[in-house]
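Residue numbers (the working numbering): 19 to 151.
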(Lines of atoms letter the chains of each structure in order from A and count residues from 1; the text may use other names and numbers.)
(Lines give C-alpha, C1' and ligand atoms only; values in the text may rest on other atoms or scores of the structure.)
Protein backbone atom coordinates (compact mmCIF):
# COMPACT_ATOMS: atom_id res chain seq x y z
CA UNK A 1 0.00 0.00 0.00
CA UNK A 2 1.29 3.46 -0.79
CA UNK A 3 0.90 6.64 1.26
CA UNK A 4 -1.93 8.02 -0.88
CA UNK A 5 -4.01 4.83 -0.49
CA UNK A 6 -3.32 4.82 3.25
CA UNK A 7 -4.46 8.42 3.66
CA UNK A 8 -7.63 7.70 1.65
CA UNK A 9 -8.50 4.71 3.83
CA UNK A 10 -7.72 6.52 7.08
CA UNK A 11 -9.91 9.48 6.09
CA UNK A 12 -13.06 7.33 6.07
CA UNK A 13 -15.47 7.97 8.96
CA UNK A 14 -15.40 4.31 10.01
CA UNK A 15 -11.60 4.31 10.43
CA UNK A 16 -10.45 5.80 13.73
CA UNK A 17 -7.07 6.57 15.22
CA UNK A 18 -5.99 4.41 18.14
CA UNK A 19 -5.94 7.39 20.50
CA UNK A 20 -9.63 8.10 19.77
CA UNK A 21 -10.49 4.46 20.36
CA UNK A 22 -8.51 4.35 23.61
CA UNK A 23 -10.17 7.53 24.94
CA UNK A 24 -13.57 6.15 23.94
CA UNK A 25 -12.83 2.85 25.65
CA UNK A 26 -11.70 4.59 28.85
CA UNK A 27 -14.89 6.67 28.94
CA UNK A 28 -17.14 3.68 28.29
CA UNK A 29 -15.35 1.54 30.89
CA UNK A 30 -15.62 4.34 33.47
CA UNK A 31 -19.38 4.29 32.88
CA UNK A 32 -19.52 0.50 33.00
CA UNK A 33 -21.05 0.53 29.51
CA UNK A 34 -21.40 -2.81 27.74
CA UNK A 35 -20.49 -1.02 24.50
CA UNK A 36 -16.86 -1.02 25.66
CA UNK A 37 -16.66 -4.54 24.21
CA UNK A 38 -17.17 -3.04 20.73
CA UNK A 39 -14.01 -0.97 21.13
CA UNK A 40 -12.12 -3.89 22.67
CA UNK A 41 -13.01 -5.99 19.61
CA UNK A 42 -11.82 -3.26 17.24
CA UNK A 43 -8.50 -2.94 19.07
CA UNK A 44 -8.03 -6.72 19.09
CA UNK A 45 -7.82 -6.72 15.29
CA UNK A 46 -4.73 -5.66 13.38
CA UNK A 47 -4.61 -1.94 12.51
CA UNK A 48 -4.86 -0.70 8.95
CA UNK A 49 -1.72 -1.75 7.09
CA UNK A 50 0.74 1.12 6.95
CA UNK A 51 2.82 2.01 3.89
CA UNK A 52 6.50 1.10 3.82
CA UNK A 53 7.36 4.79 4.14
CA UNK A 54 5.40 5.07 7.43
CA UNK A 55 7.48 6.76 10.09
CA UNK A 56 4.91 7.28 12.85
CA UNK A 57 4.62 5.52 16.16
CA UNK A 58 1.79 3.47 17.65
CA UNK A 59 -0.29 6.59 18.36
CA UNK A 60 -0.60 7.08 14.59
CA UNK A 61 -2.21 3.70 13.92
CA UNK A 62 -5.76 3.50 12.56
CA UNK A 63 -8.40 0.80 12.92
CA UNK A 64 -11.53 0.02 10.91
CA UNK A 65 -14.58 0.11 13.17
CA UNK A 66 -17.12 -2.57 12.36
CA UNK A 67 -20.32 -1.91 14.24
CA UNK A 68 -23.97 -1.37 13.54
CA UNK A 69 -25.79 1.93 13.52
CA UNK A 70 -27.46 1.16 16.86
CA UNK A 71 -24.11 0.37 18.48
CA UNK A 72 -22.45 3.52 17.12
CA UNK A 73 -25.44 5.59 18.21
CA UNK A 74 -25.33 4.08 21.72
CA UNK A 75 -21.65 5.01 22.03
CA UNK A 76 -22.40 8.52 20.76
CA UNK A 77 -25.21 8.91 23.31
CA UNK A 78 -22.99 7.82 26.21
CA UNK A 79 -20.25 10.22 25.12
CA UNK A 80 -22.78 13.03 24.70
CA UNK A 81 -24.03 12.48 28.25
CA UNK A 82 -20.44 12.55 29.51
CA UNK A 83 -19.84 15.76 27.57
CA UNK A 84 -22.88 17.39 29.16
CA UNK A 85 -21.94 16.25 32.66
CA UNK A 86 -18.38 17.55 32.24
CA UNK A 87 -19.61 21.15 32.12
CA UNK A 88 -19.41 22.61 35.62
CA UNK A 89 -22.22 24.59 37.27
CA UNK A 90 -20.75 27.88 36.03
CA UNK A 91 -21.36 26.68 32.46
CA UNK A 92 -17.80 27.23 31.30
CA UNK A 93 -16.52 24.27 29.32
CA UNK A 94 -13.43 22.52 30.61
CA UNK A 95 -10.64 20.79 28.71
CA UNK A 96 -12.44 17.52 29.49
CA UNK A 97 -15.57 18.94 27.85
CA UNK A 98 -13.66 19.72 24.67
CA UNK A 99 -12.23 16.20 24.61
CA UNK A 100 -15.76 14.79 24.81
CA UNK A 101 -16.92 17.21 22.09
CA UNK A 102 -14.25 15.76 19.79
CA UNK A 103 -15.31 12.19 20.59
CA UNK A 104 -19.00 12.98 20.16
CA UNK A 105 -18.35 14.59 16.78
CA UNK A 106 -16.22 11.64 15.62
CA UNK A 107 -18.79 9.04 16.70
CA UNK A 108 -21.69 11.08 15.29
CA UNK A 109 -19.96 11.13 11.92
CA UNK A 110 -19.33 7.39 12.14
CA UNK A 111 -22.99 6.76 13.06
CA UNK A 112 -24.20 8.76 10.05
CA UNK A 113 -21.75 6.94 7.78
CA UNK A 114 -22.85 3.51 9.01
CA UNK A 115 -26.52 4.44 8.57
CA UNK A 116 -25.91 5.79 5.08
CA UNK A 117 -23.87 2.73 4.07
CA UNK A 118 -26.53 0.38 5.46
CA UNK A 119 -29.35 2.23 3.68
CA UNK A 120 -27.42 2.18 0.41
CA UNK A 121 -26.92 -1.58 0.77
CA UNK A 122 -30.65 -2.05 1.41
CA UNK A 123 -31.54 0.02 -1.66
CA UNK A 124 -29.07 -1.89 -3.81
CA UNK A 125 -30.48 -5.20 -2.56
CA UNK A 126 -34.04 -4.04 -3.28
CA UNK A 127 -33.04 -2.84 -6.75
CA UNK A 128 -31.40 -6.20 -7.49
CA UNK A 129 -34.51 -8.08 -6.35
CA UNK A 130 -36.82 -5.91 -8.46
CA UNK A 131 -34.66 -6.35 -11.57
CA UNK A 132 -34.81 -10.15 -11.17
CA UNK A 133 -38.62 -10.17 -10.93
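Ideal Cβ positions, reconstructed from N, Cα and C, are used throughout, including at glycine.
| Asked | Found |
| --- | --- |
| In DSSP terms, what residue 33 is bridged to | 82 |
| Cβ shell of residue 34 (< 7 Å), same chain only, five flanking positions each side left out | 80, 81, 83 and 124 |
| Cβ pair count under 8 Å reaching 3, the region 59 to 72 against the region 91 to 99 | no |
| Check whether residue 93 and residue 56 have beta carbons under 8 Å apart | yes |
| Residue from 22, 42 and 29 with nearest C-alpha to residue 90 | 42 |
| Nonlocal neighbours in the same chain, by C-beta distance under 8 Å from residue 54, ignoring five residues either side | 43, 46 and 47 |
| First through last residue of the alpha helix (DSSP H) which encompasses residue 94 | 87 to 103 |
| Beta-carbon spacing of residue 21, residue 71 below 8 Å | yes |
| Where residue 59 falls: helix, strand or coil (DSSP) | helix |
| Cβ-based burial, residue 132 [other Cβ within 10 Å; buried from 16] | buried |
| Boundaries (first-last residue) of the alpha helix (DSSP H) holding residue 26 | 21 to 28 |
| Three-state secondary structure assigned by DSSP to residue 48 | helix |
| When 136, 76 and 115 are compared against residue 39, the one with the closest alpha-carbon | 76 |
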